[in-house]
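Here my numbering is used: the first residue of the sequence shown is 1002, the next is one more, and so on. Even glycine gets a Cβ: it sits at the ideal position worked out from N, Cα and C. Okay, so here's the structure we're looking at.
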Amino acid sequence: MKNKVDSADLLAPEEVTASPGGLVKIACQYDLQFKERPKYWCKGSIYELCSILVKTTRKTQRDRFFIADDREAGIFTVTMTSLMESDEDKYWCVISRSGRNVYKSVRLVITQTATTPSTTKSSFLTQQETSLWASLRWFLFLVTLGCLAMTHVVVWRMEASRNPESEMTD
1002 MKNKVDSADL LAPEEVTASP GGLVKIACQY DLQFKERPKY WCKGSIYELC SILVKTTRKT
1062 QRDRFFIADD REAGIFTVTM TSLMESDEDK YWCVISRSGR NVYKSVRLVI TQTATTPSTT
1122 KSSFLTQQET SLWASLRWFL FLVTLGCLAM THVVVWRMEA SRNPESEMTD
C-alpha cells in the first residue's frame, strides 16, 4: 500500500480540459526539497490503485505520455498527446519518497470545446496571491486598529483640555 501526503508541497491544477486529438501539458509544482526524488504520473480514481503511466526514473516517454522534471524551477511537466475520450479520468502528480509519497489529483476532462488552462502556473499564482492577501489583511487590520487607538487618544486629550477641572477632582 502506498503511503500518502496531499499537501501544499505539491501544486497542480484541480481540473484540466482538452479536446480529442489534442495535447495537454500539466505542470506539477513542488517544494525544492523534493528535487532529487523520483516523480511520476498515474491514472485512476483512487490514488492507492492508480496505474503508473510515466516516471522520471525510467524512460521519460511512454506511448503518448511524456514527463520532464525541471529541478531548478521545481516543476515536473506531464504531456499527453493524441488525446482520446477514454483519457478522461482522474490522474495523479506524485513525488515518491521513503515513508510517505506526496501526491495531488488532477481531473482531465475531454470535450469538444477545451477552454481550461492546462498548467499549474495560474493555480500557483492564485495561492501566492491568497498568501499575500492573508498577510495584507493582517497589516490592514493592525493599521486600522492603530488609527482607532490614535483617534481615541486625540479625543480623550481634547476632552481633557476642555475640562481641566475633571483632572483635578481625580
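Limits of the unbroken beta strand (DSSP E) element including I1111: For the purposes of this step, residue 1111 is taken as the residue at position 110 of the sequence shown. Here the beta strand (DSSP E) through I1111 covers 1102-1111.
Which listed residue (E1049, D1010, V1154, N1164) has its alpha carbon closest to that of K1091: Along the sequence shown, read from residue 1 onward, the residue named residue 1091 stands at position 90. Of the candidates E1049, D1010, V1154, N1164, the one whose C-alpha sits nearest the C-alpha of K1091 is E1049.
C-alpha distance - C1094 paired with V1156, whole-angstrom precision: Residue 1094 sits at position 93 when you count from the first residue of the sequence shown. Residue 1156 sits at position 155 when you count from the first residue of the sequence shown. Answer to the nearest angstrom: the Cα atoms are 59 angstroms apart.
Element boundaries [beta strand (DSSP E), containing F1077]: Indexing the sequence shown from 1 puts residue 1077 at position 76. 1076-1081 is the extent of the beta strand (DSSP E) around F1077.
Per-residue burial, V1017 [other beta carbons within 10 Å of its own, 16 or more giving buried]: The residue you call residue 1017 lines up with position 16 of the sequence shown. Buried, by the Cβ-count rule.
Alpha helix (DSSP H) runs wholly inside the segment 1028-1057, at least 4 long, in chain order: none
Touching by the beta-carbon criterion (3+ pairs, under 8 angstroms), the segment 1022-1032 and the segment 1052-1060: no
C1043 versus L1137: straight-line alpha-carbon distance, rounded: Residue numbering aside, residue 1043 sits at position 42 when the sequence shown is read from its first letter. Residue numbering aside, residue 1137 sits at position 136 when the sequence shown is read from its first letter. Spanning the two alpha carbons is a distance of roughly 38 angstroms.
Inter-residue spacing [alpha-carbon to alpha-carbon] between Y1104 and L1146: Reading the sequence shown from its first residue, position 103 is the one you call residue 1104. Reading the sequence shown from its first residue, position 145 is the one you call residue 1146. For Y1104 and L1146, the distance between alpha carbons rounds to 41 angstroms.
Delimiting residues of the beta strand (DSSP E) encompassing K1091: If you number the sequence shown from 1, residue 1091 lands on position 90. Counting along the chain, the beta strand (DSSP E) containing K1091 begins and ends at 1090-1096.
One or two residues paired with F1066 in a DSSP bridge: On the sequence shown, position 65 is the one that residue 1066 refers to. Paired residue(s): R1063, M1081.
Among R1098, T1152, Y1041, I1096, nearest to R1059 - alpha-carbon criterion: As a first step, residue 1059 must be located in the sequence shown, where it is residue number 58. Ranking R1098, T1152, Y1041, I1096 by Cα distance to R1059 puts Y1041 first.
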